[in-house]
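Chemist: Okay, here's the structure, questions in a sec.
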Amino acid sequence: MNTPISSRLFQDAAPDYSNTSFPTPRPFQQSAHESLRQGFREGHRCQLIMAPTGAGKSYLGHRIAHEALLKNRRVVFLCDRTTLVNQTSAGADAYGLTQHGIIQAGHPRRDSSLPYQIASVQTLAKRGFWPETDVLIVDEAHTLHDAWVDFAANNPKTAVIGLSATPFAKGLGQVFSQLINAVTMAELTESGVLVPMRALSCTKPDMAGAAVSKSGEWTDKAAEERGMAVIGDVIQEWVKHGENRKTIVFAASIAHCKELCRQFIDAGVMAAVFTSETTAAEREMLVREFSKRDASLRVLVSVEALAKGFDVQDVGCVVDCRPLRKSLSTFMQMIGRGLRSSPDTGKQDCILLDHSGNILRFAEDFEQVYFHGVESLDMGQKLDKTVRKDGPEEFEAKGCPSCGHKPFRKRCMACGFEKPAPAMEVAEAGQMIEIAIGKGKGRKVVADTPAHLWGQVCAYARAHSAPEKQHWRARFLYRDIAGELPPEAWNIRTTPEVPLSQALASKIKAMNIRRAKAGGY
């Protein structure tokens, strides 16, 4: 990692970090790591990697840390919740990075002499001082804790790498200068890392006129009061559609959690509450039991404690009883708990029982992020600022025309089928032509004419290639997409700037992933 950080050597003999056992990175993980290195070479000290649930953010973080440790750098891997510290430490141990200390009050593995520290941000904030740090890796970096944000701003020689599935927070652009989109949820689902989601829009509370907080969200009290009215439906729908799957339920408040849990138990379903009131010992016991393949504990009920970083792969159902107006990131974090694949248990999909209305409110924006990711830090911020209103939506009543998945608006999040856009008829040398991806009704138009395609691939080549390679990069990209080389007279130097469409950007990214799997050019 070529970073502008100090190259000090340790006074005593440095621990040996050469004996590691990292699994071979997936192509998108390798690509993200290389993009990070390139960003450092270009002078980006603070960079943020967006990687959806299941993409292996912790794996990436430990690989980045390992690379720095081999260069005698001091590394801090920062967790935004105390409950994630042990999980991150166990991951480090599994990869052979056993020589690390843990900065958390009263933790038995506290050892400040080691160059690799896994830390709770709450502990560092209370202490008021930091260990010597060359590389700071921030998990759940969309949570902008003052402790690490201030540290990053006041330590210009420290490289900062943020990891997030939902980089939507206001102010991220003031901390990070580059966003790296590692991979999209659609690509992970297609590759089998994630499973498809089957969403059922169930009875939901009437939120008309409900009280709103200063942040623009419904207050917890209002959501709790409205949600209590449909609890009976929640239990009935789970018994009917949940198939006794291991389930996480998200509620509006702790009182709402307790009542939901009580009614699950009354229905003969083993359930437990997991909230900020749950003690550390109780949490450890619940996680241990819930993680068993044949767990008798079938349902955990939470407000937000399980929304981030809680990874039990065979969770096959998510019940959303927490209505939201603005926070797409919270919605994505919640449903992400059930999207990981679980080959050992034969998990094929995840059922979302939506008792909040969120799947309909967020459908359009979620569809955008699912297929394309987030293009900029500003885009993420806007997605979490917009108030979504209840009302008529443009949904197909019968679901996806191809597979029947609901809800279906424009593009199916189960099979990828997309409503064909109206054809754009543009004359070019006596012909009308579209450059499209795919076949039949589901094809995706990426350019109106060959000249339009050429302008876009030139824009991509300018942004991603050295000056001496741009012209040929553009020509080969054009060939790979259109099936033939562009006319010899077309030259990148005389081609004006043309905006790169999302469809073509996604196509090129998919081509790059396939090429990496095949071993490159």
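Be aware that the sequence shown starts at 192, since it is given in the working numbering, and climbs by one per residue. Where a beta carbon is used, it is the ideal one built from N, C-alpha and C, also for glycine. Fair warning: this is a prediction, and the values are worked out from it, not measured in the lab.
Take Cys591 and list the residues in its own chain whose beta-carbon comes closer than 7 Å to its own, dropping the five residues that flank it on each side.
Modeler: Translated into the one-based positions of the sequence shown, residue 591 becomes position 400. Excluding sequence neighbours, Cys591 sits near Phe599, Cys603, Ala605, Cys606 and Phe608.
Chemist: If you draw a straight line from the alpha carbon of Asp511 to that of Ala446, how long is it in whole angstroms?
Modeler: Position 320 of the sequence shown, counted from the start, is the residue given in the question as residue 511. Position 255 of the sequence shown, counted from the start, is the residue given in the question as residue 446. Computed Cα separation, rounded: 16 Å.
Chemist: Do Pro358 and Leu668 have their beta-carbon atoms positioned less than 8 Å apart in this structure?
Modeler: Here the question's residue 668 lines up with position 477 in the sequence shown. Here the question's residue 358 lines up with position 167 in the sequence shown. No, the Cβ-Cβ distance between Leu668 and Pro358 is not below 8 Å.
Chemist: Between Ala338 and Asp505, what straight-line distance do the alpha-carbon atoms span, to the nearest angstrom?
Modeler: As a first step, residue 338 is located in the sequence shown; it is residue number 147 there, counting from the start. As a first step, residue 505 is located in the sequence shown; it is residue number 314 there, counting from the start. Roughly 35 Å between the two C-alpha positions.
Chemist: For the region 631-699, which segments carrying the beta strand (DSSP E) assignment without a break, of at least 3 residues, lie completely within its bounds, in sequence order?
Modeler: The region 631-699 contains these whole beta strand (DSSP E) runs: 635-638.
Chemist: Can you name, in chain order, every residue of its own chain whose Cβ lies under 6 Å from the Cβ of Arg389, other than the five neighbours on each side?
Modeler: In the sequence shown, counting from the first residue as 1, residue 389 sits at position 198. Same-chain partners within the cutoff: Asp540 and Ile542.
Chemist: Determine, using beta-carbon pairs with one atom in the region 542-551 and one in the region 509-524, whether at least three such pairs fall under 8 Å.
Modeler: Enough Cβ pairs lie closer than 8 Å, so yes.
Chemist: Short check: CB of Met419 to CB of Glu450, under 8 Å?
Modeler: Translated into the one-based positions of the sequence shown, residue 419 becomes position 228. Translated into the one-based positions of the sequence shown, residue 450 becomes position 259. Yes, the pair counts as a contact, with Cβ atoms nearer than the cut-off.
Chemist: Nearest-angstrom Cα distance between Glu558 and Thr640?
Modeler: The count along the sequence shown starts at 1 and reaches residue 558 at position 367. The count along the sequence shown starts at 1 and reaches residue 640 at position 449. If you take the alpha carbons of Glu558 and Thr640, they lie about 27 Å apart.
Chemist: Please look up how many angstroms separate the CB atoms of Ile328 and Leu354, rounded, as I've assumed it's under 8 Å.
Modeler: Start at 1 with the first residue of the sequence shown, and residue 328 comes out as number 137. Start at 1 with the first residue of the sequence shown, and residue 354 comes out as number 163. So it is a contact: roughly 7 Å between Cβ atoms.
Chemist: Spell out the partners DSSP gives Asp170 in its beta bridges.
Modeler: The first residue shown for the chain is 192 and the last is 712, placing residue 170 beyond what the model contains.
Chemist: Can you tell me whether DSSP reads Tyr208 as helix, strand or coil?
Modeler: Walking along the sequence shown from the start, residue 208 turns up at place 17. Correct three-state label for Tyr208: coil.
Chemist: Tell me the DSSP secondary structure of Phe342 in three-state form.
Modeler: What you label residue 342 is simply residue 151 of the sequence shown in a count that begins at 1. Note: Phe342 maps to helix in three-state DSSP.
Chemist: Mind checking Thr521: buried by the 16 CB within 10 Å criterion, or exposed?
Modeler: Taking the first residue of the sequence shown as 1, we reach residue 521 at position 330. Per the 10 Å Cβ criterion, buried.
Chemist: Can you tell me whether DSSP reads Phe455 as helix, strand or coil?
Modeler: As a first step, residue 455 must be located in the sequence shown, where it is residue number 264. Of the three classes helix, strand and coil, the one that applies to Phe455 here is helix, per DSSP.
Chemist: According to DSSP, what are the bridge partners of Ala310?
Modeler: Locating residue 310 in the sequence shown gives position 119, counting from the first residue. In the DSSP output, where bridge partners are listed per residue, Ala310 has Leu269 and Ile294.
Chemist: On the DSSP bridge assignment, give the partners of Pro263 in chain order.
Modeler: If you number the sequence shown from 1, residue 263 lands on position 72. Correcting the residue identity first, residue 263 is Asn in this sequence and not Pro. The partner list for Asn263 (beta bridge, DSSP) is empty, contrary to what the question assumes.
Chemist: Around the Cβ of Arg579, are there at least 16 other Cβ atoms within 10 angstroms (buried) or fewer (exposed)?
Modeler: Within the sequence shown, residue 579 is the residue found at index 388, counting from 1. So Arg579 counts as buried.
Chemist: Note down the Cα distance separating Asn210 from Val509, rounded to an integer number of angstroms.
Modeler: Taking the sequence shown and counting its residues from 1, one reaches residue 210 at position 19. Taking the sequence shown and counting its residues from 1, one reaches residue 509 at position 318. Those two C-alpha atoms are separated by around 39 Å.
Chemist: Express the C-alpha separation of Gln365 and Gln238 in angstroms, rounding to a whole number.
Modeler: Locating residue 238 in the sequence shown gives position 47, where the first residue counts as 1. Locating residue 365 in the sequence shown gives position 174, where the first residue counts as 1. Approximately 11 Å between the Cα atoms of the pair.
Chemist: Taking just the CA atoms, how far does Ala356 sit from Asp207?
Modeler: Within the sequence shown, numbered from 1, the residue matching residue 207 stands at position 16. Within the sequence shown, numbered from 1, the residue matching residue 356 stands at position 165. Distance between the alpha carbons of Asp207 and Ala356 is about 32 Å.
Chemist: If I'm right that Thr438 touches Val421 with Cβ under 8 Å, what's the distance once you round it to whole angstroms?
Modeler: For the purposes of this step, residue 438 is taken as residue 247 along the sequence shown, with counting starting at 1. For the purposes of this step, residue 421 is taken as residue 230 along the sequence shown, with counting starting at 1. At roughly 17 Å, the Cβ-Cβ gap does not stay under 8 Å, so Thr438 and Val421 are not in contact.
Chemist: Roughly how many angstroms lie between the CA atoms of Gly292 and Ser382, to the nearest whole one?
Modeler: Numbered from 1 along the sequence shown, position 101 holds the residue referred to as residue 292. Numbered from 1 along the sequence shown, position 191 holds the residue referred to as residue 382. Taking the straight line from one Cα to the other gives about 35 Å.
Chemist: If we count Cβ pairs, one from each stretch, closer than 8 Å, do we get three or more for the region 261-270 versus the region 310-330?
Modeler: Verdict: yes, contact present.
Chemist: So, for Arg705: in the same chain, excluding its five sequence neighbours on each side, which residues have a beta-carbon less than 6 Å away from its beta-carbon?
Modeler: The sequence position of residue 705 within the sequence shown is 514, counting from 1. So the list is empty, once near-sequence residues are dropped.
Chemist: Could you name the residues that DSSP lists as bridge partners for Gly353?
Modeler: Residue mapping note: residue 353 aligns to position 162 of the sequence shown, counting from 1. Per DSSP, Leu239 and Val329.
Chemist: Are the region 244-259 and the region 397-409 touching by the rule of at least three beta carbon pairs closer than 8 Å?
Modeler: Short answer: they don't touch.
Chemist: Output the boundary residues of the beta strand (DSSP E) element that contains Leu391.
Modeler: Along the sequence shown, one-based indexing puts residue 391 at 200. Here the beta strand (DSSP E) through Leu391 covers Met388 to Ser392.
Chemist: Roughly how many angstroms separate the alpha carbons of Gly230 and Gly252, rounded to a whole number?
Modeler: Residue 230 sits at position 39 when you count from the first residue of the sequence shown. Residue 252 sits at position 61 when you count from the first residue of the sequence shown. The straight-line gap from Cα to Cα measures roughly 16 Å.
Chemist: Exposed or buried, Asp575, counting other C-beta atoms within 10 Å across all chains shown (16 or more means buried)?
Modeler: Taking the first residue of the sequence shown as position 1, residue 575 is located at position 384. By the 10 Å Cβ count, Asp575 comes out buried.
Chemist: For Ala694, which option in Gln369, Thr375 and Ser222 has the closest C-alpha, if you only look at C-alpha atoms?
Modeler: Translated into the one-based positions of the sequence shown, residue 694 becomes position 503. Of the candidates Gln369, Thr375 and Ser222, the one whose C-alpha sits nearest the C-alpha of Ala694 is Thr375.
Chemist: Consult DSSP for Ile526 and reduce its assignment to one of helix, strand or coil.
Modeler: Looking up residue 526 in the sequence shown gives position 335. Correct three-state label for Ile526: helix.
Chemist: For Ser656, which residues from the same chain have a beta carbon less than 6 Å from its beta carbon, with the 5 sequence-adjacent residues on both sides left out?
Modeler: Here residue 656 is taken as the residue at index 465 of the sequence shown, counted from 1. Excluding residues within five positions, the ones whose Cβ falls inside 6 Å are Arg664.
Chemist: For the alpha helix (DSSP H) holding Leu363, just list the boundary residues, first then last.
Modeler: Here residue 363 is taken as the residue at index 172 of the sequence shown, counted from 1. Counting along the chain, the alpha helix (DSSP H) containing Leu363 begins and ends at Leu363 to Val366.
Chemist: Using a threshold of 8 Å, state whether the C-beta atoms of Lys361 and Gln647 are closer than that.
Modeler: Numbered from 1 along the sequence shown, position 170 holds the residue referred to as residue 361. Numbered from 1 along the sequence shown, position 456 holds the residue referred to as residue 647. No, they are not a contact pair.
Chemist: Verify whether the separation of the beta carbon atoms of His432 and Leu544 is less than 8 Å.
Modeler: Taking the sequence shown and counting its residues from 1, the one referred to as residue 432 is at position 241. Taking the sequence shown and counting its residues from 1, the one referred to as residue 544 is at position 353. Taking 8 Å as the Cβ cut-off, His432 and Leu544 qualify as a contacting pair.
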